[in-house]
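*Asks:* My questions will all concern the structure given below.
There are 2 protein chains.
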Amino acid sequence: MAKIKKQPRPKAETPKGFRDYFGGEVTQRAEMLHAIAGVYHRYGFDALESSAVERVEALGKFLPDVDRPNAGVFAWQEEDEGDWLALRYDLTAPLARVYAQHRNDLPTPYRRYAMGPVWRNEKPGPGRYRQFYQCDADTVGAASMAADAEICAMLSDTLEAVGIARGDYIVRINNRKVLNGVMEVAGVLDHSHPEKFEAERGIVLRAIDKLDRLGTEGVAALLGEGRRDESGDFTEGAGLSAAQAGIVMGFIEARRETGAATVARLRELVQNSEIGRQGVDELEEIAALLDAAGYGADRIVIDPSVVRGLGYYTGPVYEAELTFEIFDDKGRKRQFGSVAGGGRYDDLVKRFTGQEVPATGISIGVDRLLAALREKGRISAQDQGPVIVTVMDRDRMADYQAMVAELRNAGIRAEVYLGNPRNFGNQLKYADRRASPAAIIEGGDEKARGVVQIKDLILGAQIAESATLEEWKEQPSQIEVPRDQLVDSLRDMLERQGKGQNG
Amino acid sequence: MAKIKKQPRPKAETPKGFRDYFGGEVTQRAEMLHAIAGVYHRYGFDALESSAVERVEALGKFLPDVDRPNAGVFAWQEEDEGDWLALRYDLTAPLARVYAQHRNDLPTPYRRYAMGPVWRNEKPGPGRYRQFYQCDADTVGAASMAADAEICAMLSDTLEAVGIARGDYIVRINNRKVLNGVMEVAGVLDHSHPEKFEAERGIVLRAIDKLDRLGTEGVAALLGEGRRDESGDFTEGAGLSAAQAGIVMGFIEARRETGAATVARLRELVQNSEIGRQGVDELEEIAALLDAAGYGADRIVIDPSVVRGLGYYTGPVYEAELTFEIFDDKGRKRQFGSVAGGGRYDDLVKRFTGQEVPATGISIGVDRLLAALREKGRISAQDQGPVIVTVMDRDRMADYQAMVAELRNAGIRAEVYLGNPRNFGNQLKYADRRASPAAIIEGGDEKARGVVQIKDLILGAQIAESATLEEWKEQPSQIEVPRDQLVDSLRDMLERQGKGQNG
């Protein structure tokens with residue numbers, strides 16, 4: 001086992017690149033995933049939760065970001081020279097393993113969704129964590145383009161279900177086969193020697209994937225000799241000739257006003273390439289299916305500039321982008337950008353079984369989508385705090401417990417103050433820190449008179465912000481009600497607050 | 001990084017001791033956790049999701065099961081001789097780290113709940129996995145017994161919220177200080193030499209914890225010379241004299257008809273022990289608070305036989321047991337048993353900060369509780385399958401997609417068959433495997449006549465079970481409806497099925 005250095009007092013720190021999530025951060029993600037699962041379920045997808053730990057040989061070397069070949073997994077060896085195990089780095093590799101392992105018990109096609117954390121042993125950076133959530137849906141065992149069309153329609157429905165309005169997003173579709181056809185025409189793909197120019201094609205893929213960031217000029221440089229960025233760093237190019245690069249650039253810029261026009265343009269570009277024609281046919285088929293199901297260009301479009309940098313895609317690829325503008329770290333306006341992507345990958349299961357199994361799916365970037373919802377004001381980071389029953393008389397804790405039980409039974413989030421009750425100011429500070437909407441006060445005097453005080457902390461905070469100390473002292477935000485009307489009066493106050501905050 | 005052996009075809013296998021969860025297994029757990037979170041939230045507890053990975057030194061050596069000191073964590077070292085990291089083995093050790101790290105930003109007391117997988121590097125066995133879910137609620141920073149009373153009340157509410165009826169469970173409370181008082185009286189605890197007899201006290205604790213399984217005779221043996229089990233294995237005892245063991249046994253058997261009587265009996269047993277008296281006072285206080293909040297002996301009782309084997313508890317301990325009977329693997333009737341437990345542990349945060357921080361909490365065994373709900377018929381393992389739109393004419397996939405989109409928009413779980421449509425029998429087999437309630441059929445003939453066929457697969461299966469082939473051929477479970485009445489007719493059928501299954 002691990003050799004652990006003895007130390008008198010350990011540091012209380014998350015490991016580098018990891019973080020903790022508190023309150024609303026947790027519940028809002030859970031709610032969003034719940035809404036997404038609802039859509040996936042309606043589409044006939046079944047939940048799957050595979051183990052977080054996989055055998056390293058089952059994961060294989062499919063780490064998505066080929067730009068950083070050192071990017072890795074968290075791995076360790078079982079005792080007694082046992083298996084190497086690792087934390088999953090995505091939800092697709094485990095799906096391939098699960099399907100290969102359980103294929104005799106699973107329906108074919110197998111539609112499944114999965115949501116949960118994945119882990120990457122990468123260098124952490126600002127906003128870049130080594131544990132993050134993914135939320136995937138895939139169809140395994142269906143070669144039909146109807147599977148791809150369905151995934152795109154579902155992605156569109158999902159975005160609307162979580163609160164992204166139509167018009168604020170677009171799902172863009174392309175096809176790797178079309179790009180391969182263009183590569184064939186450009187002379188960097190030879191089907192009798194598939195390994196030839198593999199490195200060049202990798203550079204081309206990644207260059208197109210950076211179109212948003214680098215613009216056409218930057219991409220053109222990467223297709224040719226290479227590119228020196230602002231910092232002076234040089235990225236090697238694919239070494240294509242101007243004519244070759246022109247063919248590829250023509251592909252990137254092939255998008256036309258309508259899907260039909262784009263398809264026609266792509267047909268010209270792939271010329272006689274067999275694989276290219278197949279890709280164009282597939283795009284046309286997906287477009288027709290989506291059209292029939294009512295998904296128009298306001299939701300889903302064919303866009304040849306989408307390639308997805310991931311090596312393993314073999315046919316259609318898709319990406320969902322949020323099109324509204326936000327201000328970036330440097331105060332510049334830019335589109336929010338990609339929140340989900342995917343495509344067809346027909347080779348992943350084959351690693352295990354030797355048989356080619358067609359598969360297609362998407363992965364939603366959970367944290368990005370959550371950030372988008374916060375940006376649009378769909379959710380607020382602050383959880384609604386509990387009503388605080390203050391403790392005026394330590395010996396009557398049983399009374400306060402009974403009171404708080406009464407509130408909870410009425411469905412009101414509530415707690416009794418459990419810290420040292422001596423200093424009443426501390427109790428109100430605590431209520432403030434908890435974002436409590438109200439505090440209940442029942443001292444000896446109130447008890448004797450059969451009443452309780454309800455302090456409206458939302459109104460109180462508003463008064464405190466705007467009023468002078470004299471006005472504040474009058475405490476108009478505090479009301480006295482008979483003890484047996486506590487629940488009703490409190491409920492009225494909470495409702496009034498809710499309206500005030502929405503209005 | 002990990003050295004990975006090259007192998008032509010990897011085995012598709014979960015690592016030893018891990019498993020995958022499918023469909024209803026995943027969604028039912030999610031629903032149960034959602035219901036539990038609702039109760040915790042109403043009690044004022046905030047969600048916390050700490051990272052799954054911790055620094056080994058932060059986890060410390062608090063592995064709960066002291067019976068198997070080799071039980072461990074999954075750990076690895078960061079590159080370049082960096083930190084040792086490990087997967088969390090419970091949710092309490094991370095809470096202590098989180099509280100120590102963020103204590104200036106968190107409210108005090110800090111009530112938090114957490115739910116998620118934990119990992120144990122243990123030898124797997126039947127039904128014993130190395131990854132499983134826990135669901136915890138803890139209050140940090142509150143010394144008051146009101147915090148413990150609240151946790152017990154919440155545990156009771158939680159069990160009822162997920163579907164365990166009152167009368168089918170009991171929350172039992174005890175106090176370690178009372179036990180320590182008894183040990184003092186028995187002469188195996190000396191406060192001026194706290195390390196003395198530590199091993200003996202450990203054996204006593206674990207012996208009492210096994211009362212359910214071994215009975216009083218077995219426990220008595222373990223308190224004395226030791227015990228030889230049926231297999232012939234010998235477990236060393238605490239070596240107490242008959243008089244000493246008698247005192248401890250008296251404690252275990254101190255439960256009386258009422259809480260007040262039990263408390264009185266315990267007061268006799270702890271005699272002049274200062275710590276013992278403190279423990280009895282605490283139990284009395286908790287009992288009074290619960291009584292005031294309306295939690296009577298039908299839900300929560302004081303029971304001195306509960307000790308919880310875990311070393312770190314320092315005061316009250318609690319356990320929730322399901323009292324209904326089930327048949328065990330060997331066909332014998334027995335009580336379902338424990339599904340949750342916890343207690344007060346005042347030393348965990350101190351490891352980091354040097355300051356004692358009082359804390360108390362519970363952990364629910366998620367898989368055990370789920371199993372109990374299945375046992376009681378509260379949930380069924382089978383998910384409701386989707387309606388299957390069959391593909392009679394491959395060229396009209398667009399029509400079928402439009403049809404399935406219509407069903408989904410009406411809120412009906414539905415999918416189009418995406419496998420090879422040539423063999424219609426395969427489509428029905430698929431529908432069967434998916435537990436589909438209905439299949440939709442629209443061949444060229446139906447299309448021409450503007451109708452669709454709806455096949456009631458639930459009724460069909462019932463007929464197939466009981467009827468002869470001749471009757472089956474009449475297919476009375478299939479109806480023909482006008483195309484534009486598909487949604488309404490299908491909805492009627494699904495409602496009828498729902499009633500039939502409940503009635």
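Just so you know, the protein sequences line up as chains A and B, in that order.
Number 408 in the UniProt record's numbering belongs to position 408 of the first sequence; there are no gaps in the numbering.
Number 430 in the UniProt record's numbering belongs to position 430 of the second sequence; there are no gaps in the numbering.
Every residue, glycine too, gets a C-beta built ideally from N, C-alpha and C.
(1) Can you check whether the C-beta of SER51(A) is within less than 9 Å of a C-beta belonging to chain B?
(2) With DSSP collapsed to three states, give me the class of GLY419(A).
(3) May I ask which residues mark the beginning and end of the beta strand (DSSP E) holding ILE379(B)?
(4) Any Cβ of chain B within less than 9 Å of the Cβ of LEU9(A)?
(5) Tell me which residues share the same chain as GLU465(B) and place their Cβ nearer than 8 Å to its Cβ, disregarding the 5 neighbours each side in the sequence.
(6) By the criterion of Cβ-Cβ separation under 9 Å, what are the contact partners of THR139(A) in chain B?
(7) In terms of residue numbering, what span does the beta strand (DSSP E) encompassing GLN28(A) cover?
(8) Keeping to the same chain, check which residues put their C-beta closer than 6 Å to that of LEU369(A); ignore five residues upstream and five downstream.
(9) Distance cutoff 9 Å, beta carbons only. Does residue 506(A) sit that close to anything in chain B?
(10) Less than 8 Å between the CB atoms is what I'm expecting for residue 507(A) and VAL178(A), so what's the real figure, rounded?
(11) Going along the chain, which residues of its own chain have a beta-carbon closer than 6 Å to the beta-carbon of ALA410(A), five neighbours each way excluded?
(12) Consult DSSP for LEU403(B) and reduce its assignment to one of helix, strand or coil.
(13) Looking at chain B, is there any beta carbon in it that lies within less than 9 Å of the beta carbon of GLU195(A)?
(14) Rounded to whole angstroms, what's the CA-CA distance from GLN401(A) to ALA292(B)? Just pull it up for me.
(15) Please classify ASN174(B): is it buried, with 16 or more other beta-carbons within 10 angstroms of its beta-carbon, or exposed?
(16) On the DSSP letters alone, give me the boundaries of the alpha helix (DSSP H) that GLN485(B) sits inside.
(17) Let's test the definition: count the other Cβ atoms within 10 Å of the Cβ of GLN462(B) and tell me whether it reaches 16, buried, or not, exposed.
(18) Quick check: is the beta carbon of VAL270(B) nearer than 9 Å to any beta carbon in chain A?
(19) By how many angstroms is the C-alpha of ALA398(A) removed from the C-alpha of ASN420(A)?
(20) On the three-state DSSP scale, how would you describe PHE74(A)?
(21) If you measure from the beta carbon of LYS447(B) to each beta carbon in chain A, is any gap under 9 Å?
(22) Around the Cβ of ALA261(A), are there at least 16 other Cβ atoms within 10 angstroms (buried) or fewer (exposed)?
(23) Apart from the five residues just before and just after MET249(B), which ones in its own chain have a Cβ nearer than 8 Å to its Cβ?
(24) Reducing DSSP to helix, strand and coil, say where ASP136(B) ends up.
(25) Please list, in chain order, all residues of the same chain as GLU406(B) whose beta carbon is under 7 Å from its beta carbon, the five residues on each side excluded.
(26) Given this structure, state the Cα-to-Cα distance separating ASP209(B) from ALA359(B), to the nearest angstrom.
(27) Residues in the same chain with beta-carbon distance under 7 Å from GLY237(B), minus the five sequence neighbours each way, listed in chain order, please.
(28) Counting along the chain, where does the beta strand (DSSP E) carrying VAL452(B) start and finish?
(29) Starting from the Cα of GLY425(A), find the closest Cα among ILE412(A), ALA439(A), ARG413(A) and give me that residue.
(30) For a test of the three-state rule: what should DSSP assign to LYS11(A), helix, strand or coil?
(31) Cβ of VAL98(B) less than 9 Å from any chain A Cβ?
(32) Just checking, does the region 109-126 of chain B make contact with the region 83-95 of chain B on the three C-beta pairs under 8 Å criterion?
(33) Do you know how far the Cα of VAL39(B) is from the Cα of ALA161(B)?
(34) Could you tell me which residues DSSP pairs with GLN335(B) in its beta bridges?
(35) Note down, in chain order, every chain A residue with its Cβ under 8 Å from the Cβ of MET397(B).
(36) Beta-carbon of GLN131(A) versus every beta-carbon of chain B: anything under 9 Å?
*Replies:* If we stick to the structure as given:
(1) Your numbering for residue 51(A) matches position 51 in the first sequence. Yes, contact with chain B.
(2) Taking the first residue of the first sequence as 1, we reach residue 419(A) at position 419. Here GLY419(A) sits in coil by DSSP.
(3) Within the second sequence, residue 379(B) is the residue found at index 379, counting from 1. Note, ILE379(B): premise wrong, no beta strand (DSSP E); not H, not E.
(4) What you label residue 9(A) is simply residue 9 of the first sequence in a count that begins at 1. The sequence as given places Arg at residue 9(A); Leu does not occur at that position. ARG9(A) counts as touching chain B.
(5) As a working mapping, residue 465(B) is identified with position 465 in the second sequence. Cβ neighbours of GLU465(B) beyond the five flanking positions: none.
(6) As a working note, residue 139(A) is residue 139 in the first sequence. Simply LEU418.
(7) Start at 1 with the first residue of the first sequence, and residue 28(A) comes out as number 28. It is not in any beta strand (DSSP E) - GLN28(A) instead sits in the alpha helix (DSSP H) that spans 24-42.
(8) In the first sequence, the residue the question calls residue 369(A) occupies position 369. Counting only Cβ-Cβ distances below 6 Å, and skipping sequence neighbours, we find VAL339.
(9) Because chain A spans 1 through 503 in this model, residue 506(A) falls outside it and cannot be assessed.
(10) Outside the modelled stretch of chain A, which goes from 1 to 503, sits residue 507(A), for which no answer is possible.
(11) What you label residue 410(A) is simply residue 410 of the first sequence in a count that begins at 1. Taken in chain order, the residues that qualify are VAL487.
(12) Here residue 403(B) corresponds to residue number 403 of the second sequence, with the count starting at 1. Per the sequence presented here, residue 403(B) reads as Met, with Leu not at that position. In the structure shown, MET403(B) sits in a helix (DSSP, three-state: H, G or I).
(13) Counting from 1 along the first sequence, the entry for residue 195(A) is found at position 195. So, not an interface residue.
(14) Within the first sequence, the letter at position 401 stands for residue 401(A). Within the second sequence, the letter at position 292 stands for residue 292(B). Each residue's alpha carbon lies about 7 Å from the other.
(15) For the purposes of this step, residue 174(B) is taken as the residue at position 174 of the second sequence. With 16 or more Cβ atoms within 10 Å of its Cβ, ASN174(B) is classed as buried.
(16) Numbered from its first residue, the second sequence carries residue 485(B) at position 485. Where GLN485(B) is concerned, there is no enclosing alpha helix (DSSP H), given that its DSSP letter is neither H nor E.
(17) Reading the second sequence from its first residue, position 462 is the one you call residue 462(B). The residue is exposed, with fewer than 16 neighbouring Cβ atoms inside 10 Å.
(18) The residue labelled residue 270(B) in the question sits at position 270 within the second sequence. By this cut-off, VAL270(B) is not an interface position.
(19) In the first sequence, the residue the question calls residue 420(A) occupies position 420. In the first sequence, the residue the question calls residue 398(A) occupies position 398. The alpha-carbon atoms of ASN420(A) and ALA398(A) are separated by roughly 16 Å.
(20) Here the question's residue 74(A) lines up with position 74 in the first sequence. The answer is coil: DSSP assigns PHE74(A) none of H, G, I, E or B.
(21) Position 447 of the second sequence holds residue 447(B). The beta carbon of LYS447(B) sits no closer than 9 Å to any beta carbon of chain A.
(22) By one-based count along the first sequence, residue 261(A) stands at place 261. Exposed is the call here.
(23) Counting from one through the second sequence, the residue named residue 249(B) turns up at place 249. Counting only residues of its own chain and dropping the five nearest sequence neighbours on each side, MET249(B) has a CB closer than 8 Å to the CB of THR216, VAL219, ALA220, LEU223.
(24) Against the second sequence, residue 136(B) aligns to sequence position 136. Three-state result, ASP136(B): strand.
(25) Translated into positions along the second sequence, residue 406(B) becomes position 406. VAL487.
(26) Here residue 209(B) corresponds to residue number 209 of the second sequence, with the count starting at 1. Here residue 359(B) corresponds to residue number 359 of the second sequence, with the count starting at 1. So the two alpha carbons sit approximately 22 Å from each other.
(27) Indexing the second sequence from 1 puts residue 237(B) at position 237. Once the five neighbours on either side are set aside, the close Cβ partners of GLY237(B) are ILE203, ALA221, LEU222, LEU223, GLY224, GLU225, GLY226, ARG227.
(28) Position 452 of the second sequence, counted from the start, is the residue given in the question as residue 452(B). Where VAL452(B) is concerned, the enclosing beta strand (DSSP E) stretches over 451-456.
(29) As a first step, residue 425(A) is located in the first sequence; it is residue number 425 there, counting from the start. Of ILE412(A), ALA439(A), ARG413(A), the residue nearest in Cα terms is ALA439(A).
(30) Counting from one through the first sequence, the residue named residue 11(A) turns up at place 11. Three-state DSSP puts LYS11(A) in coil, outside helix and strand.
(31) For this step, residue 98(B) is matched to residue 98 along the second sequence. True, the Cβ-Cβ gap to chain A drops below 9 Å.
(32) yes
(33) Within the second sequence, residue 161(B) is the residue found at index 161, counting from 1. Within the second sequence, residue 39(B) is the residue found at index 39, counting from 1. Spanning the two alpha carbons is a distance of roughly 7 Å.
(34) For this step, residue 335(B) is matched to residue 335 along the second sequence. For GLN335(B), which the question treats as bridged, DSSP gives the partners GLU325(B).
(35) By 1-based counting over the second sequence, the position of residue 397(B) is 397. Result: SER144, ALA146, LEU289.
(36) Here the question's residue 131(A) lines up with position 131 in the first sequence. Output row for GLN131(A): interface = yes.
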